[in-house]
Amino acid sequence: MDIRPIRTDDDHRDALVEIERLWAYPDDSPENDKLDVLATLVEVYETQRWPRRDCTPAEILLHAVTDMGHSQAEWAELLGSRPMASELLRAKRRISLAVAQKISAAWHIPIQLLVAPYALAA
Numbered sequence: 001m002d003i004r005p006i007r008t009d010d011d012h013r014d015a016l017v018e019i020e021r022l023w024a025y026p027d028d029s030p031e032n033d034k035l036d037v038l039a040t041l042v043e044v045y046e047t048q049r050w051p052r053r054d055c056t057p058a059e060i061l062l063h064a065v066t067d068m069g070h071s072q073a074e075w076a077e078l079l080g081s082r083p084m085a086s087e088l089l090r091a092k093r094r095i096s097l098a099v100a101q102k103i104s105a106a107w108h109i110p111i112q113l114l115v116a117p118y119a120l121a122a
C-alpha cells in the first residue's frame, strides 16, 4: 500500500481520484483498507486546509441567494415581502420559525441552520 501524507492541493486531488477508483471494491478487500486510510487523510487535510466555522442564519440565506442559484426576486416571492427579505439577508430581523420552515421546505436547507441564535446587525 503506497500511501503518503497529503500536504498540497495536488496531493489532495490525487487522493480524491484514488478514493473514487477504490470505491467499488468490497468491504473486506485490501483496497477497501486503503480507501479507509486515504479517506482519513483527506478528512484531516480538508479540516486543516479549509477550517469550518459556524455561519449565522443570515449568512446561510445570503449564500443560498448568491451561490445556490436562487435570486433575490425568488427570495422575496418566497417570503411574500421584499422588505422582509432584505432585512433577513442583512441580519436586521430575526427569522421566525414559520419563515424558517417555509425556507427549509422550499430550498432544502436544514431548519436547524436557520433557527440558530445570532446577533442582529446594527
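Under the UniProt record's numbering, the residues of the sequence shown are numbered 1 to 122, in order.
In this text, a Cβ means the ideal position worked out from N, Cα and C, and glycines have one as well.
Taking ALA106 as the centre and dropping the five residues before and after it, the same chain places the C-beta of LEU78 closer than 7 Å to its C-beta, in chain order. According to the DSSP assignment, ARG49 belongs to the alpha helix (DSSP H) that extends over 30 to 49. Residue environment analysis places PRO5 among the exposed positions, since fewer than 16 neighbouring C-beta atoms fall within 10 angstroms of its C-beta. Spatial neighbours of HIS63 in its own chain (CB-CB distance under 6 Å, excluding positions within 5 residues in sequence) are not present. The C-alpha of THR56 is placed about 25 Å away from the C-alpha of TYR45. Distance from the CA atom of PRO117 to the CA atom of GLU31, rounded to whole angstroms, is 44 Å. For ASP54, there is no enclosing alpha helix (DSSP H), as DSSP marks it with neither H nor E. By the CB criterion at 9 Å, LEU35 and LEU22 fall inside the cutoff. Residue nearest to ALA119 within the set LEU89, ILE103, ALA98 and LYS102 is LEU89 (criterion: CA-CA distance). Take the alpha-carbon of ILE95 and the one of HIS12: they are about 38 Å apart. Secondary structure of LEU120 (DSSP, three-state): coil. The three-state reading of DSSP puts SER104 in helix, counting H, G and I together.
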